[in-house]
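Asker:
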Amino acid sequence: AYSHHGHGWEQLTDTIIEKLNQREEPVIFVLWGKPAQKKAALLDTSKHIIITAPHPSPLSAHRGFFGSKPFSKINQALLALGEEPISWALPEKITQL
315 AYSHHGHGWE QLTDTIIEKL NQREEPVIFV LWGKPAQKKA ALLDTSKHII ITAPHPSPLS
375 AHRGFFGSKP FSKINQALLA LGEEPISWAL PEKITQL
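Residue 349 in the numbering used here sits at position 35 of the sequence shown, with consecutive numbering throughout.
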């Protein structure tokens with residue numbers, strides 16, 4: 315858990331988040347887990363939509379991720395913005411990698 319911490323990824327992700335936050339068009343941010351949810355402090359919640367859930371790690375998904383319906387919430391947010399929802403269905407068969 316938190317295995318990427320302290321390896322420089324924070325600078326990269328913070329810069330990306332700050333750039334996305336500058337957009338005038340609404341962005342839907344999906345923050346999974348406590349470390350990611352702390353990034354909400356970087357976001358303008360008057361412009362953007364933030365969806366949070368526990369991290370989907372196999373070790374802890376049963377403690378809140380299952381049943382949190384983040385993909386349904388993303389589609390609800392897209393519809394509220396007048397956008398098309400995403401089909402999250404996996405293909406029956408993968409024909410090419």
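All residues carry an ideal CB built from backbone N, CA and C; glycine is no exception.
Excluding the five sequence neighbours on either side, which residues of its own chain have a C-beta within less than 8 angstroms of the C-beta of Ile400, listed in chain order?
Answerer: The answer, listed in chain order, is Phe385, Ile388, Asn389, Leu392.
Asker: Can you grab the Cα-Cα spacing for the pair Gly347 / Asp328, in whole Å?
Answerer: Approximately 16 angstroms, taken between the alpha carbons.
Asker: Identify every residue that forms a DSSP beta bridge with Ala375.
Answerer: For Ala375, which the question treats as bridged, DSSP gives no partner whatsoever.
Asker: Residue ranges of each alpha helix (DSSP H) run of no fewer than 4 residues wholly in the stretch 375-408, ordered along the chain?
Answerer: Correct list: 384-394.
Asker: How would you write the range of the beta strand (DSSP E) that Ala367 sits in, first residue to last?
Answerer: 363-367 is the span of the beta strand (DSSP E), which, as asked, contains Ala367.
Asker: Apart from the five residues on each side of it in sequence, which residues of its chain come closer than 7 angstroms, Cβ to Cβ, to Trp257?
Answerer: Residue 257 is absent from the model: the chain starts at 315 and stops at 411.
Asker: With distances taken between CB atoms, is the gap from Ile364 to Ala350 smaller than 7 angstroms?
Answerer: For Ile364 and Ala350, no; Cβs fall outside 7 angstroms.
Asker: Identify, in the order they occur along the chain, each residue of the same chain with its Cβ nearer than 7 angstroms to the Cβ of His369, setting aside the five sequence neighbours on each side.
Answerer: Around His369: Trp346, Gly347, Phe379.
Asker: Can you tell me where the beta strand (DSSP E) with Leu345 in it begins and where it stops?
Answerer: 342-346 is the span of the beta strand (DSSP E), which, as asked, contains Leu345.
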